[in-house]
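So the protein sequences, as listed, match chains A and B.
Residue 73 in my numbering sits at position 65 of the first sequence, with consecutive numbering throughout.
Residue 145 in my numbering sits at position 137 of the second sequence, with consecutive numbering throughout.
The block underneath contains the structure these notes are about, expressed in structure tokens.
Protein chains: 2
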Amino acid sequence: MKTLQLTSSDRAILACSRFFGRLPHATVEAILEGATLSSHEEHDVLFRQGDSIDDVFFVISGLVRLYRLGKEGREADVAVFPKGEMFAENAMFLGRATASAEAAEASIILRLDGRKLRQFAAVDPEVAQALIEHLCHRGKMTEDLLAEDRLLTAPQRVASYILSHCPNGSTSFSFRLPFQKNVLAGKLGLAPEALSRAFSTLRLSGVSVKGRLIEIRDRQALERF
Amino acid sequence: MKTLQLTSSDRAILACSRFFGRLPHATVEAILEGATLSSHEEHDVLFRQGDSIDDVFFVISGLVRLYRLGKEGREADVAVFPKGEMFAENAMFLGRATASAEAAEASIILRLDGRKLRQFAAVDPEVAQALIEHLCHRGKMTEDLLAEDRLLTAPQRVASYILSHCPNGSTSFSFRLPFQKNVLAGKLGLAPEALSRAFSTLRLSGVSVKGRLIEIRDRQALERF
DNA sequence: CGCGAGATTGAATCGTCTCAACCGTAGTGG
DNA sequence: CCACTACGGTTGAGACGATTCAATCTCGCG
């Protein structure tokens with residue numbers, strides 16, 4: 009872990025994020041005051057389940073995995089945050105972290121003072137509003153994962169993930185996985201082997217996978233799956 | 009469905025709820041203005057996944073099941089709300105309901121005007137604050153379900169549910185299920201048969217089940233499970 | 001070229017679902 | 001009062017899906 013200075017390109021990322029994007033520059037600057045920026049290597053732990061942290065985190069670059077611990081070192085991802093996402097707002101209001109967080113690849117993380125953000129939220133309705141919408145969005149994401157876990161098989165979950173990256177209206181398309189298959193497996197609640205097998209199943213439905221590159225021949229076929 | 013009048017005992021329930029409990033009486037009254045109260049029978053649908061509703065719901069009595077629809081009529085519960093819980097705040101901010109809701113038993117439901125609540129939240133920081141904490145709590149609940157689904161077997165999930173009803177510090181205790189086993193199965197993401205089998209497994213660890221009455225002989229044994 | 005990490009494949013096992021049969025209790029109607 | 005039924009719950013057998021562990025493959029990199 010290394011401490012860094014906030015650059016102007018970092019601010020650009022904040023500016024297009026769901027949360028900060030809605031707020032006026034002055035407010036953003038005020039919230040950012042005293043925030044610390046640090047770089048982390050893959051597998052660096054940002055905080056642990058049960059820690060009483062009073063910070064909010066923001067992914068400037070890289071990827072963060074939020075997970076719960078089970079018996080015998082088992083881990084279950086509850087969310088994965090790419091560049092531009094804010095997380096751990098829950099811990100700020102609940103008092104303790106309900107999950108652990110670690111960098112899923114080399115990442116740069118901005119750490120805001122939770123107390124200050126709470127104070128802003130309590131005073132500035134615009135901040136509160138942004139926070140509310142952020143929380144609604146996060147809630148939906150988690151709900152999505154839960155519902156997919158309960159309703160879909162592994163190949164269906166992968167198909168659903170692929171379709172969520174499909175520009176709507178196109179019948180054939182391709183894209184690059186934004187992270188390792190390992191991470192995708194975790195996000196979808198699968199063992200890496202299960203993800204692998206799901207991809208081979210989908211190959212029969214016109215999905216080809218070369219490294220991180222995914223190509224889809226027939227969108228309809230996937231939707232029917 | 010039948011329209012009703014808000015009684016004083018209904019107001020008492022609102023007053024001890026997580027959300028309304030934090031707000032001054034005057035604010036509560038103002039938010040409640042124009043709200044409608046209705047009674048519903050088991051299986052009455054309150055809204056459907058995809059509906060563009062602009063209301064917030066509150067369970068005055070009874071039980072509401074929030075679920076997503078899958079292929080071939082499959083359903084997956086994403087939350088179950090007992091008396092005193094508010095739900096569908098997400099839909100209010102997201103525009104559309106991400107899940108369907110139905111009464112899991114005969115229920116009385118209060119329906120608030122979402123637009124009005126949003127306006128209050130935008131003006132009154134106290135309301136915004138209460139909403140934020142409510143959303144954090146909901147988020148944690150969903151995360152709990154997701155993590156349990158991914159980390160625990162059926163008997164472990166049931167054990168965890170039982171323990172969550174255990175007055176801390178007691179080694180032996182008993183309680184009544186607040187709803188049908190059917191509903192519990194849904195909440196835990198299990199087929200009713202799987203719940204049944206989980207209970208028989210736990211019987212060997214000192215859990216006895218007679219109808220809705222659950223008795224636990226040895227709390228430690230459950231925790232070890 | 002050879003190493004190593006990520007990814008894939010295979011085989012065995014485990015856990016849950018499904019479908020069907022059955023049980024017990026609470027109503028219902030003769 | 002006693003069948004009859006309806007419903008929630010339980011039990012059994014079989015199928016299915018995912019995990020686990022081990023072996024193998026692939027590709028990027030020293």
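Built from N, CA and C at the ideal position, the CB exists for glycine as well.
How many angstroms separate the CA atom of residue i from the CA atom of residue j?
i               : j               : result
F89 of chain A  : R82 of chain B  : 30 Å
N190 of chain A : S182 of chain A : 20 Å
D152 of chain A : S216 of chain A : 25 Å
S168 of chain B : P32 of chain A  : 45 Å
L185 of chain B : K79 of chain B  : 30 Å
E93 of chain B  : M100 of chain A : 22 Å
L212 of chain B : D85 of chain B  : 29 Å
G29 of chain A  : S47 of chain B  : 42 Å
K124 of chain A : L12 of chain A  : 21 Å
G291 of chain B : S208 of chain B : For chain B, the structure presents residues 9 to 233; residue 291 of chain B sits outside this window and is missing.
F187 of chain A : S172 of chain A : 15 Å
A43 of chain B  : E41 of chain A  : 42 Å
K218 of chain A : R56 of chain A  : 35 Å
L203 of chain A : H51 of chain A  : 21 Å
F27 of chain A  : A129 of chain B : 17 Å
D18 of chain B  : L45 of chain B  : 10 Å
G122 of chain A : K10 of chain B  : 46 Å
E134 of chain B : A20 of chain B  : 20 Å
Q127 of chain B : S60 of chain B  : 18 Å
F95 of chain B  : L192 of chain A : 31 Å
Do the CB positions of residue i and residue j come within less than 8 Å of each other?
i               : j               : result
L54 of chain B  : V36 of chain B  : no
L154 of chain A : T150 of chain B : yes
I39 of chain B  : L139 of chain A : no
D157 of chain B : G197 of chain B : yes
V166 of chain A : A229 of chain A : no
A109 of chain B : L74 of chain B  : yes
L210 of chain A : P163 of chain A : yes
K91 of chain A  : G58 of chain A  : no
R104 of chain B : G147 of chain A : no
A136 of chain B : A136 of chain A : yes
Take the Cβ of residue i as the centre, count every other Cβ of all protein chains shown within 10 Å, and call the residue buried at 16 or more, exposed below.
i               : result
E97 of chain B  : buried
V131 of chain A : exposed
E223 of chain A : exposed
E49 of chain B  : exposed
T15 of chain A  : exposed
C24 of chain B  : exposed
A111 of chain B : buried
R76 of chain A  : buried
L143 of chain B : buried
T106 of chain A : buried
R232 of chain A : exposed
R220 of chain B : exposed
G177 of chain B : exposed
A199 of chain A : exposed
Q) Would you call the region 51–67 of chain B and the region 116–125 of chain B touching, i.e. three or more CB-CB distances under 8 Å? A) Output reads yes: the region 116–125 of chain B touches the region 51–67 of chain B.
Q) Between the region 122–146 of chain A and chain B, which residues of the former have CB atoms less than 7 Å from a CB of the latter, in chain order? A) A129, A130, V131, P133, A136, Q137, L139, I140, E141, L143, C144, R146
Q: Using a Cβ-Cβ cut-off of less than 9 Å, list which residues of the region 83–97 of chain B approach chain A; keep chain order.
A: Near chain A, meaning a CB-to-CB distance below 9 Å, the residues of the region 83–97 of chain B are E83, A84, D85, V86, A87, E97.
Q. The region 146–159 of chain B: which residues have C-beta closer than 9 Å to a C-beta of chain A, in chain order?
A. Flagged, chain order: R146, G147, K148, T150, E151, D152, L153, L154, A155, E156, D157, R158, L159.
Q) Taking Cβ-Cβ distances below 7 Å as the criterion, which residues of the region 196–209 of chain B are in contact with chain A? A) G197
(Q) If the cut-off is 9 Å on Cβ atoms, which residues from the region 108–122 of chain B count as contacting chain A, listed in chain order? (A) none
Q) Using a beta-carbon distance cut-off of less than 8 Å, what residues from the region 53–76 of chain A approach chain B? A) R76
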